[in-house]
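In UniProt numbering, the protein residues as written are 1 to 774. Built from N, CA and C at the ideal position, the CB exists for glycine as well. Remarks on the structure that follows.
Dropping the structure here:
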């Protein structure tokens with residue numbers, strides 16, 4: 001492919017520059033099409049192959065996955081393939097920056113397009129007139145489809161007095177254009193408009209725990225997701241093996257951000273909220289805040305451990321057994337010995353069960369042998385060792401003995417342990433010495449209660465203590481391996497025996513056979529099933545999977561118990577945590593990063609702060625900042641860079657008219673372009689949602705942000721953004737929340753264009769700056 005590069009000199013006119021960029025961008029798309037066609041061909045070749053054994057199936061699936069992921073990346077690059085150009089002091093050829101890297105077919109040293117994550121692209125985000133990083137001009141290229149619609153230049157060379165008069169506001173205009181664009185209910189990437197302070201965090205060292213503190217609108221989520229894409233680019237081999245986990249605050253939030261990483265060409269990432277982090281379980285039931293706070297305490301780790309120990313029982317009274325007509329007594333002292341031996345094995349509960357079973361069988365066998373008039377060891381034995389071994393086998397298969405083992409050392413599941421703990425007042429009392437009855441009452445619930453997100457850390461803690469008794473599975477695996485080896489040897493013997501030796505010539509006798517090339521073990525290995533799932537698929541299905549990097553959004557909401565879960569998922573402590581302690585709504589969440597992280601990490605974490613509010617207009621932040629100050633979090637408001645000229649307003653109505661008034665205001669906002677959220681206290685949610693839906697039938701309360709207006713409680717809008725926001729009953733939001741002022745602060749700062757407040761009582765004093773509507 002021949003690519004024409006536009007000249008680097010000053011153009012005779014804007015139209016000529018635009019045409020030159022169109023020529024270049026068209027060449028990039030031609031190269032993209034060529035690579036896509038080549039990838040499709042290779043994918044079709046692999047799909048057409050017919051593997052003849054499990055190993056070949058695995059190899060084919062790996063190639064299919066490789067080409068499929070490449071095709072996804074190429075397809076993702078279609079929209080906005082190229083968005084920037086750097087003209088440098090030391091090079092005549094400009095450097096183009098885009099979503100992916102494209103090399104020239106002839107192996108040109110300068111690639112046709114530099115991936116935005118590559119070091120060579122960094123000046124596009126960080127060069128300034130004072131530190132130009134070798135760049136004299138930065139050009140922003142805006143496309144629609146494959147058509148170049150506009151170009152905007154920033155001159156960074158201050159040595160030219162004529163050019164220095166306008167050092168380049170184009171970058172700001174491109175950013176503001178993106179910020180003022182209407183929302184769609186899905187988050188989009190910011191790869192064209194990454195700012196310098198954001199870029200520094202995106203490219204920060206992957207080692208250790210990085211905490212990113214940022215107020216509303218500072219782009220915390222966007223930075224976290226682009227950091228994920230950057231790390232997958234720079235550490236692809238390592239993360240391809242170990243995977244990358246992104247944890248968000250809710251299913252609604254995960255749907256909101258779901259398109260960002262695929263748009264950057266990355267699909268091998270696990271997205272989960274705390275309630276969905278445990279494979280096979282979706283813990284979606286609501287939880288009262290005060291209960292969630294108790295379940296989130298670090299002391300719950302000791303409570304769960306006590307619940308497991310309680311199930312390692314001793315007897316209240318002796319147990320009478322009968323083996324082949326011989327009555328035997330298993331005493332309380334025997335039960336204590338069994339428990340001591342099992343615990344002495346220093347294994348997890350289920351892993352120690354074989355030791356407990358052996359101890360029970362041995363004690364019963366000794367008692368059985370004694371009853372038959374024999375000593376197991378020493379003395380004048382009436383029974384030999386072979387006889388005792390036979391007795392042992394008889395005891396081991398006796399149903400009454402199996403029931404006794406289950407009673408003393410049962411095989412446990414995490415769900416069974418936690419459900420029994422929370423539903424049994426006696427067990428709760430035994431597992432929580434020193435706790436108040438009020439605290440125990442908060443934990444108590446019926447055994448059939450559905451799981452909540454606050455239960456997940458308890459289940460995970462139980463699993464860490466229980467382990468798995470895999471002795472039966474390991475024995476089955478050994479038998480299967482022996483069976484494959486036997487079949488493989490039989491196959492090779494058959495092939496060898498089928499060779500004709502009667503009329504074999506000297507030349508024919510030198511031909512190689514299957515047995516010459518492959519032994520039985522090698523042939524057996526080829527029959528083993530190969531796991532063809534992707535890393536992300538395997539990680540999502542494996543509770544014990546450890547990730548190469550973990551990103552947590554709205555990290556301030558996590559409890560101490562939740563942190564234990566996530567830190568186990570990432571033993572290397574390669575993590576990125578983003579959040580804002582001024583927005584903490586959970587009683588179990590963080591009042592400060594030091595408070596929540598020190599018990600787990602000590603001082604082994606570092607803090608970065610985002611200081612510029614790109615999303616929320618200055619008019620809205622002027623109101624929200626008063627709520628921030630009243631909340632007492634000590635947080636500093638980020639500086640708003642946008643002003644819409646639209647004043648936020650308040651409307652007071654009678655309490656019995658509130659729902660209808662909200663519906664009327666929502667209908668007015670719905671006429672405006674973009675998305676709309678109605679943020680309402682939970683106790684008013686059914687009434688308000690019903691009234692709004694009567695006026696606007698496409699209204700959603702399930703977190704679908706793409707179909708129409710969304711009516712949601714404050715905790716459900718965390719991390720989201722909308723063009724218009726109606727906040728309903730701010731005093732009710734404050735009263736209902738555990739940290740009510742923080743909840744109100746979250747609600748007020750979701751809007752990118754317009755904000756209205758509808759209230760039944762006097763508006764809280766900190767909102768007195770709102771424009772009053774009659």
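In this structure residue 74 is buried. Its beta-carbon is surrounded by 16 or more other beta-carbon atoms within 10 angstroms.
Here DSSP, grouped into helix, strand and coil, assigns residue 112 to coil. For residue 578, the secondary structure class from DSSP, reduced to helix, strand or coil, is strand. Per DSSP, the unbroken beta strand (DSSP E) holding residue 649 starts and ends at 649–652. Residue 349 sits buried, since 16 or more C-beta atoms from the chains shown fall within 10 Å of its C-beta. In this structure the region 568–581 does not touch the region 175–184; the number of beta carbon pairs closer than 8 Å is below three. Contact between the region 606–617 and the region 192–202 is present: three or more C-beta pairs spanning the two stretches fall below 8 Å. The alpha-carbon separation between residue 243 and residue 58 amounts to approximately 19 Å.
Residue 311 is positioned such that its CB atom lies closer than 7 Å to that of residue 412. The three-state secondary structure of residue 53, taken from DSSP, is coil. If you compare the alpha carbons of 67, 81, 757 and 297 with that of residue 650, the shortest gap goes to 757. Taking the Cβ atoms as the reference, residue 742 lies roughly 6 Å from residue 584, within the contact range of under 8 Å.
Per DSSP, residue 714 lies in no alpha helix (DSSP H) and is assigned neither H nor E. Setting aside the 5 residues that flank it on each side, residue 389 has no residue in the same chain whose C-beta is closer than 6 Å to its C-beta. Under the DSSP assignment, residue 348 falls outside any alpha helix (DSSP H); it carries neither an H nor an E label. Judged by DSSP secondary structure, residue 144 falls within the beta strand (DSSP E) whose first and last residues are 135–144. The C-alpha of residue 597 lies about 36 Å from the C-alpha of residue 643. Short of 6 Å from the beta carbon of residue 267, and not among the five residues preceding or following it, lie these beta carbons of its own chain, in chain order: 72.
Out of 546, 592 and 599, the CA that lies nearest to the CA of residue 561 is found in 599.
Going by DSSP, residue 247 is part of the beta strand (DSSP E) stretching over 244–248. Setting aside the 5 residues that flank it on each side, residue 713 is surrounded in the same chain by 679, 680, 681, 682 and 685, each with a C-beta closer than 8 Å to its C-beta; the list follows chain order. At a cut-off of 4 residues, not a single continuous stretch assigned as alpha helix (DSSP H) sits fully inside the region 663–688. Residue 747 sits close to residue 727, with the two beta carbons spaced by under 7 Å. Here residue 332 is exposed. Its C-beta has fewer than 16 other C-beta atoms within 10 Å. In the structure shown, residue 449 falls within a coil segment according to DSSP collapsed to helix, strand and coil. Here residue 451 has 281, 283 and 285 as same chain residues with Cβ atoms under 7 Å from its own Cβ, once five neighbours each way along the sequence are excluded. Residue 46 places its beta carbon less than 7 Å from that of residue 63. Contact annotation: residue 112 and residue 82 have beta-carbon atoms that are not nearer than 7 Å. No Cβ-Cβ contact shorter than 7 Å links residue 148 with residue 260. By the Cβ test, the region 653–660 is in contact with the region 758–771, since at least three Cβ pairs between them sit closer than 8 Å. Judged by beta-carbon spacing, residue 321 lies within the 7 Å limit of residue 328, meaning their Cβ atoms are closer than that value. Bridge partners of residue 42 according to DSSP: none are assigned.
Under DSSP, residue 428 forms no beta bridge with any residue. Secondary structure at residue 539: helix, using DSSP grouped into helix, strand and coil. Spanning the alpha carbons of residue 763 and residue 694 requires a straight line of approximately 27 Å. The shortest CA-to-CA distance from residue 673 to any of 645, 754, 421 and 119 is the one to 754.
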